[in-house]
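Visitor:
Residue numbers (the numbering used here): 743 to 974.
1) I'd like to know whether the C-beta of residue 746 is nearer than 8 Å to at least one C-beta of chain C.
2) Grab me the residues of residue 773's own chain with a C-beta within less than 8 Å of its C-beta, minus the 5 sequence neighbours each way, in chain order.
3) What did DSSP end up calling residue 854 once you bin it into helix, strand or coil?
4) Can you give the Cα-Cα distance for residue 815 and residue 947, rounded to whole angstroms?
5) Residue 958: which of 894, 757, 941, 817 sits nearest, CA to CA?
6) Count the other C-beta atoms from every protein chain shown that fall within 10 angstroms of the C-beta of residue 906, then say buried if there are 16 or more, exposed otherwise.
7) Flag this pair as yes or no: are the beta carbons of residue 826 and residue 795 separated by less than 8 Å?
8) What are the uninterrupted segments assigned as alpha helix (DSSP H) that are 4 or more residues long and contained completely in the stretch 796 to 878, given in chain order?
9) Rounded C-beta distance between residue 876 and residue 746? I'm assuming under 8 Å.
10) Out of 929, 924, 953, 964, point me to the one whose CA is closest to residue 756's CA.
11) In its own chain, which residues sit with a C-beta less than 6 Å from the C-beta of residue 748, not counting the 5 before and 5 after it?
12) From this set, 889, 902, 831, which residue's C-alpha is nearest residue 763's C-alpha?
13) Just mark residue 969 as buried or exposed, buried being the case when its beta carbon has 16 or more other beta carbons within 10 Å.
14) With the cut-off set at 8 Å, would you say residue 873 and residue 787 are in Cβ contact?
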């Protein structure tokens, strides 16, 4: 098995490479899908947010940890991001062209950073999670405990993965090895969300999921907005 090496040293197996999001042209259809997902939940986001693909060095530099995604809010001191504008495969290596995006001050959500090179399903779940952070910021949700904020965002990531079962690419439903890989990856990602040991992400998700299943998404969100807590 030949692995592809990304510019920041990470390696991609051939299966992941087949659907990896490597530059903005790969990201655009994925962003459209996530917007369609939110619109279907009557949560359309009518707000321009720069979506920037970055490598691991840039992500760690802005987040102090290796995340797949990061939402940059109005209060952030970050004023520019070095992002991947294009990727080029040369043999078994991926080289990238980078550009600098200067962020507009005074916006509720200044930008969203995504770690390039991950399969579409993984990055789509991350985008759904971060888009929920952005939606809550735009809607005026403030002062939420970490487990409440991250928990409901993980619910959205999980819902997006389930949504893929019904509206995903046709090749995900086929009999090919790629289709089987994508189905396995989807279940792996869902399982990771469901069984996470993290207090904020794992326990937060399970509590938020219970509330959404019992009361519905809209009621749960309204309750969070009014009380900063989940309904009991």
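Cβ atoms here follow ideal geometry from the backbone N, Cα and C, with glycine treated the same way.
Small disclaimer: the values here were computed from a predicted structure and weren't measured.
Guide: If we stick to the structure as given:
1) Any reference to chain C falls outside this structure, which holds one protein chain only.
2) Closer than 8 Å at Cβ, skipping near neighbours: 793, 869.
3) Here residue 854 sits in strand by DSSP.
4) Rounded to whole angstroms, residue 815 to residue 947 spans 22 Å at the Cα level.
5) Across the set 894, 757, 941, 817, the C-alpha of 894 shows the shortest separation from the C-alpha of residue 958.
6) For residue 906, the number of other beta carbons within 10 angstroms of its own is at least 16, and it is reported as buried.
7) Closer than 8 Å, so yes.
8) Every unbroken stretch of the alpha helix (DSSP H) spanning 4 or more residues and falling wholly within the stretch 796 to 878 is given here in chain order: 798 to 805.
9) Taking 8 Å as the upper bound for CB-CB distance, residue 876 and residue 746 are not in contact here, some 31 Å apart.
10) Ranking the options by Cα distance to residue 756, first place goes to 924.
11) So the qualifying residues of the chain are 836, 859.
12) Considering only alpha carbons, the answer is 831.
13) Looking at its Cβ environment, which holds fewer than 16 other Cβ atoms inside 10 Å, residue 969 is exposed.
14) Cβ atoms of residue 873 and residue 787: closer than 8 Å.
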